[in-house]
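Residue numbers (the numbering used here): 1044 to 1322.
All residues carry an ideal CB built from backbone N, CA and C; glycine is no exception.
All values derive from a computational prediction rather than experimental measurement.
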């Protein structure tokens, strides 16, 4: 066997390992952990929409605080953090070996996987830090957004950086919502293994949940753009303030309730992804 064949054989072996049971387990644990967070955030936002627990944060910190108050809350927090570590590792394997699908090895897919790996790595760190008792990096999502925006605005070309980042989040939100409406998630799921009733449930949760998630992303990005234009870091909003802003529209709390219900549905959809997604 020549050197080239040895290299190819080693690469194939490594790729098989990356797509093995351990990586699949990590991916499914991560998707389930994501589902728990969206369920909790959506439930908290629903309570706010109906005038309950208005002082509670409808974001990741609020969800973790809610979970910590439950029986075996500490164990659940650690399990959630470990699941999100699995999500980050799965995305890292996609950076190195590519993802499933005909374009899985393309540079665009690898860059997307890298961005997701970094994002879920940060989320996993914040959850594990919260579980360890250090508060998960401090502050609500609103405080963190304002602090980061203020620091960026102080940099040279800071307004352009914040504006570009906000515009990118808006585009990401529109992309997420459009893909949900077009049911692009079906390409990544083993739809043939589902019963007709499960397929209908997946479509309802995938479309409504993805659309709500995309709307929240787009709104948060729009607030960042506004903060850049006005040179006012206080205009930037985290998840909690972004969700509450829906209640300030002419539609009122009803719109917040609809978006919150959509986030709950996205949590359910994440559980379906954990079961049927191609990894």
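Just to confirm, is the Cβ distance from residue 1272 to residue 1286 under 8 Å? Looking up residue 1272 in the chain shown gives position 229. Looking up residue 1286 in the chain shown gives position 243. Not closer than 8 Å, so no.
Pairwise C-alpha distance: residue 1199 and residue 1119: Here residue 1119 refers to the residue found at position 76 of the chain shown. Here residue 1199 refers to the residue found at position 156 of the chain shown. The alpha-carbon atoms of residue 1119 and residue 1199 are separated by roughly 43 Å.
Looking at C-alpha atoms only, which residue of 1085, 1215 and 1205 is the closest neighbour of residue 1193? To locate residue 1193, count along the chain shown from 1; it is residue 150. When only C-alpha atoms are compared, the closest one is 1205.
Let me know the secondary structure DSSP gives residue 1071 once reduced to three states. Position 28 of the chain shown, counting from 1, holds the residue named residue 1071. Residue state, collapsed to three classes: helix.
So, under 8 Å CB-CB, residue 1224 and residue 1166 are touching, yes? Tell me the CB distance rounded to an integer number of Å. Here residue 1224 corresponds to residue number 181 of the chain shown, with the count starting at 1. Here residue 1166 corresponds to residue number 123 of the chain shown, with the count starting at 1. Their Cβ separation, rounded to whole angstroms, is 26 Å, which puts residue 1224 and residue 1166 out of contact at 8 Å.
What would DSSP say about residue 1314, mapped onto helix, strand or coil? Numbered from 1 along the chain shown, position 271 holds the residue referred to as residue 1314. DSSP places residue 1314 in helix when its eight states are reduced to three.
Return yes when at least one heavy atom of the ligand ATP lies under 7 Å from the C-beta of residue 1311, else no. Only the bare structure without any ligand can be found here, which leaves the ligand ATP out of the picture.
Residue from 1239, 1278, 1221 and 1233 with nearest C-alpha to residue 1255: Start at 1 with the first residue of the chain shown, and residue 1255 comes out as number 212. Ranked by Cα distance from residue 1255, the options 1239, 1278, 1221 and 1233 are led by 1221.
Buried or exposed by the 16-neighbour rule on C-beta atoms within 10 Å, applied to residue 1310: Counting from 1 along the chain shown, the entry for residue 1310 is found at position 267. So residue 1310 ends up on the buried side.
Does the contact criterion of 3 or more C-beta pairs under 8 Å hold for the region 1106–1119 versus the region 1076–1088? yes
Is residue 1064 buried or exposed, if buried means 16 or more other CB atoms sit within 10 Å of its CB? In the chain shown, counting from the first residue as 1, residue 1064 sits at position 21. With fewer than 16 Cβ atoms within 10 Å of its Cβ, residue 1064 is classed as exposed.
Residues in the same chain with beta-carbon distance under 7 Å from residue 1159, minus the five sequence neighbours each way, listed in chain order, please. Numbered from its first residue, the chain shown carries residue 1159 at position 116. Closer than 7 Å at Cβ, skipping near neighbours: 1134.
At a cut of 8 Å, does the region 1142–1161 reach the region 1170–1177 through at least three beta carbon pairs? no
Cutting at 7 Å between CB atoms, please list the residues of its own chain near residue 1184, excluding the five before and the five after it. Indexing the chain shown from 1 puts residue 1184 at position 141. Contacts found: 1102, 1103, 1104, 1281, 1282 and 1283.
Write down every uninterrupted run of the alpha helix (DSSP H) in the region 1198–1226 whose length is 4 residues or greater and which is fully enclosed by it, in chain order. 1201–1224
Three-state secondary structure assigned by DSSP to residue 1234: The count along the chain shown starts at 1 and reaches residue 1234 at position 191. Residue 1234 falls in the helix class under three-state DSSP.
Please state the DSSP three-state secondary structure of residue 1277. The count along the chain shown starts at 1 and reaches residue 1277 at position 234. The answer is helix: DSSP assigns residue 1277 an H, G or I state.
Could you pull out every residue in the same chain whose Cβ sits closer than 7 Å to the Cβ of residue 1049, ignoring the five residues on either side in sequence? Along the chain shown, read from residue 1 onward, the residue named residue 1049 stands at position 6. Here the model assigns residue 1049 a pLDDT of 44, short of 50, so the residue's position is not dependable, and the following value carries that caveat. Correct list: empty, nothing qualifies.
Assuming residue 1263 and residue 1212 make a contact with CB atoms under 8 Å, what is their CB distance in whole Å? The residue given as residue 1263 occupies position 220 in the chain shown. The residue given as residue 1212 occupies position 169 in the chain shown. Between residue 1263 and residue 1212, the beta carbon gap of about 6 Å places them in contact (Cβ cut-off 8 Å).
Grab me the residues of residue 992's own chain with a C-beta within less than 7 Å of its C-beta, minus the 5 sequence neighbours each way, in chain order. Because residue 992 is not part of the residues shown, which for the chain are 1044 to 1322, the question remains open.
Using the three-state DSSP reduction, which class does residue 1151 fall into: helix, strand or coil? Position 108 of the chain shown, counted from the first residue, corresponds to residue 1151. Looking at residue 1151 - three-state DSSP - the assignment turns out to be helix.
Distance, residue 1156 Cα to residue 1073 Cα: Taking the chain shown and counting its residues from 1, the one referred to as residue 1073 is at position 30. Taking the chain shown and counting its residues from 1, the one referred to as residue 1156 is at position 113. One C-alpha to the other measures close to 14 Å.
Which listed residue (1259, 1098 and 1278) has its alpha carbon closest to that of residue 1216: Counting from 1 along the chain shown, the entry for residue 1216 is found at position 173. Ranking 1259, 1098 and 1278 by Cα distance to residue 1216 puts 1259 first.
Where residue 1232 and residue 1246 are concerned, what is the direct C-alpha to C-alpha distance, given to the nearest angstrom? Here the question's residue 1232 lines up with position 189 in the chain shown. Here the question's residue 1246 lines up with position 203 in the chain shown. Straight-line Cα distance between these residues: approximately 11 Å.
Spatially closest choice to residue 1092 from 1189, 1288, 1317 and 1218, by CA coordinates: Position 49 of the chain shown holds residue 1092. Checked all of 1189, 1288, 1317 and 1218; the closest Cα to residue 1092 is 1288.
Between the CA atoms of residue 1295 and residue 1319 - distance to the nearest angstrom: Here residue 1319 corresponds to residue number 276 of the chain shown, with the count starting at 1. Here residue 1295 corresponds to residue number 252 of the chain shown, with the count starting at 1. One C-alpha to the other measures close to 37 Å.
Own chain residues within Cβ distance below 8 Å of residue 1089, not counting five before or after: Position 46 of the chain shown, counting from 1, holds the residue named residue 1089. The residues are 1300, 1303, 1304 and 1307.
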